[in-house]
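Peer 1: If you scroll down you'll find the structure; I have some questions about it.
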Amino acid sequence: EMDEEVSSYAYKETMQITETINMTLKKLKAVDQSREEFVSNVSHELKTPITSIRVLADSLMGMEDVPEELYREFLSDISDEIERESKIIDDLLSLVRMDKISGGNLNIAQVNINGLMELILKRLRPIAGKRNVELTFESIREVTADVDEMKLSLALSNLVENAIKYNVEGGWVRVTLDADHKFFYVKVADSGIGISEEFQEHVFERFYRVDKARSRETGGTGLGLSITKKIVLMHQGALKLQSKEGEGATFTVRIPLTYIS
Ligand code: ADP
Numbered sequence: 220e221m222d223e224e225v226s227s228y229a230y231k232e233t234m235q236i237t238e239t240i241n242m243t244l245k246k247l248k249a250v251d252q253s254r255e256e257f258v259s260n261v262s263h264e265l266k267t268p269i270t271s272i273r274v275l276a277d278s279l280m281g282m283e284d285v286p287e288e289l290y291r292e293f294l295s296d297i298s299d300e301i302e303r304e305s306k307i308i309d310d311l312l313s314l315v316r317m318d319k320i321s322g323g324n325l326n327i328a329q330v331n332i333n334g335l336m337e338l339i340l341k342r343l344r345p346i347a348g349k350r351n352v353e354l355t356f357e358s359i360r361e362v363t364a365d366v367d368e369m370k371l372s373l374a375l376s377n378l379v380e381n382a383i384k385y386n387v388e389g390g391w392v393r394v395t396l397d398a399d400h401k402f403f404y405v406k407v408a409d410s411g412i413g414i415s416e417e418f419q420e421h422v423f424e425r426f427y428r429v430d431k432a433r434s435r436e437t438g439g440t441g442l443g444l445s446i447t448k449k450i451v452l453m454h455q456g457a458l459k460l461q462s463k464e465g466e467g468a469t470f471t472v473r474i475p476l477t478y479i480s
């Protein structure tokens with residue numbers, strides 16, 4: 220009888236272990252698949268500018284007596300593609316560095332968020348001006364919080380830059396900073412083209428763009444929002460998107476005032 224009890228116990232244990240192994244394998248497979256997908260996306264994105272450069276250079280070399288004007292046009296296109304390539308590499312390095320356990324550490328310090336916002340807006344104001352987009356900042360409270368200044372600055376810059384890029388001629392971008400006793404909130408609202416519901420969950424994925432042509436035209440890599448989301452999550456925060464197609468978009472970042480390590 221004792222034997223029976225033991226073997227029944229052993230049987231149950233074995234079943235449980237098998238179950239755990241199966242679940243782990245499933246998870247590993249999913250990780251592997253998403254990694255494979257990422258690598259394939261990276262290769263594609265990195266090859267695209269190189270292919271353009273090759274085509275441009277080859278056709279220049281194939282021509283005889285190239286007029287000065289045409290020559291300059293091709294060189295300028297080549298230069299644009301090089302710039303695009305280095306932007307992709309920069310964004311990729313930002314992402315990959317944060318993926319590594321060691322690079323995933325935050326350099327936390329007490330930062331005045333109002334000052335940080337002012338700096339970001341000052342840097343982006345010329346871009347907004349060029350696109351005839353009105354850029355305003357409203358600070359409802361003075362905020363000091365424990366953050367990684369460089370990383371958070373990158374995360375918030377991406378949001379404001381997108382709000383300018385995916386806007387309409389003569390549109391606006393309103394940035395608001397607020398806080399309660401636990402969190403601070405940065406809201407970036409725009410009057411732009413918006414994002415339809417079916418795309419909203421996807422825009423945080425790496426390399427995802429709703430409109431490839433528009434993103435390309437504005438120098439996008441499709442990595443900005445995934446970088447922003449990652450940084451916000453590292454700060455134990457949350458990133459929310461509200462939008463309707465054709466009626467602008469609002470991204471809200473919520474981050475704890477105190478970082479608990
Ligand atoms: P990109 O480099 O293409 O801007 P992001 O990761 O920053 O990449 O954004 C992904 C996609 O989400 C963009 O290509 C664009 O289609 C959409 N998007 C992001 N921000 C906005 C916004 N404020 N308004 C409308 N669409 C947006």
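Per UniProt numbering, the very first residue in the sequence shown carries number 220; after that it's consecutive. A virtual CB, placed ideally from N, CA and C, is assigned to each residue, including glycine. These numbers come from a predicted model, not from an experiment.
Quick check on residue 473: does DSSP put it in helix, strand or coil?
Peer 2: strand
Peer 1: According to DSSP, is residue 407 part of a helix, a strand, or is it coil?
Peer 2: strand
Peer 1: Indicate whether the contact test is met: 3 or more Cβ pairs, each with one atom in the segment 266 to 278 and one in the segment 303 to 315, closer than 8 Å.
Peer 2: Result yes; three or more Cβ-Cβ pairs closer than 8 Å.
Peer 1: State the Cα-Cα distance for the pair residue 372 and residue 311, rounded to the nearest angstrom.
Peer 2: 17 Å
Peer 1: Between 335, 370, 387, which has its C-alpha nearest residue 347's C-alpha?
Peer 2: 387
Peer 1: Comparing the CB of residue 422 with every heavy atom of the ligand ADP, is any distance shorter than 7 Å?
Peer 2: yes
Peer 1: Does at least one heavy atom of the ligand ADP sit under 7 Å from the Cβ of residue 429?
Peer 2: yes
Peer 1: Quick one: grab the DSSP three-state call for residue 423.
Peer 2: In the structure shown, residue 423 sits in coil (DSSP, three-state: anything other than H, G, I, E or B).
Peer 1: Counting Cβ pairs closer than 8 Å, one from the segment 275 to 293 and one from the segment 344 to 359, do we hit at least three?
Peer 2: no
Peer 1: If you reduce the DSSP assignment to three classes, tell me which class residue 343 lands in.
Peer 2: helix
Peer 1: Return the first residue and the last residue of the alpha helix (DSSP H) that residue 455 is part of.
Peer 2: It is not in any alpha helix (DSSP H) - residue 455 carries neither H nor E in the DSSP assignment.
Peer 1: Please confirm whether any heavy atom of the ligand ADP lies closer than 7 Å to the CB of residue 444.
Peer 2: yes
Peer 1: Under DSSP, the alpha helix (DSSP H) around residue 430 begins and ends at which residues?
Peer 2: Run containing residue 430: none; DSSP gives neither H nor E here.
Peer 1: If I follow the unbroken beta strand (DSSP E) through residue 327, where does it start and stop?
Peer 2: 327 to 331 is the span of the beta strand (DSSP E), which, as asked, contains residue 327.
Peer 1: Tell me, please, which residues DSSP counts as bridged to residue 353.
Peer 2: 391
Peer 1: With respect to the beta strand (DSSP E) encompassing residue 366, which residues constitute its N-terminal and C-terminal limits?
Peer 2: 363 to 367 is the extent of the beta strand (DSSP E) around residue 366.
Peer 1: Thinking residue 418 and residue 441 are a contact (beta carbons under 8 Å), I'd like their distance in whole angstroms, please.
Peer 2: That pair is no contact at about 12 Å.
Peer 1: What residue from 401, 242, 408 has the CA that sits closest to residue 391's CA?
Peer 2: 408
Peer 1: I'd like to confirm something about residue 376: is its beta-carbon nearer than 7 Å to some heavy atom of the ligand ADP, or not?
Peer 2: no
Peer 1: Examine the ligand ADP and report whether any of its heavy atoms sits within less than 7 Å of the Cβ of residue 243.
Peer 2: no
Peer 1: Anyone know if the C-beta pair for residue 333 and residue 367 falls short of 8 Å?
Peer 2: no
Peer 1: Please say whether residue 314 and residue 358 have beta carbons closer to each other than 8 Å?
Peer 2: no
Peer 1: May I have the straight-line CA-CA distance separating residue 471 from residue 374, to the nearest angstrom?
Peer 2: 12 Å
Peer 1: Under the criterion of a Cβ to heavy atom distance below 7 Å, does residue 324 qualify as lining the ligand COA?
Peer 2: No copy of the ligand COA occurs in the structure displayed; its ligands are the ligand ADP alone.
Peer 1: Is residue 465 near the ligand ADP - that is, is its Cβ less than 7 Å away from at least one heavy atom of it?
Peer 2: With a cut-off of 7 Å, the C-beta of residue 465 is classified as distant from the ligand ADP, since no heavy atom of the ligand falls inside that distance.
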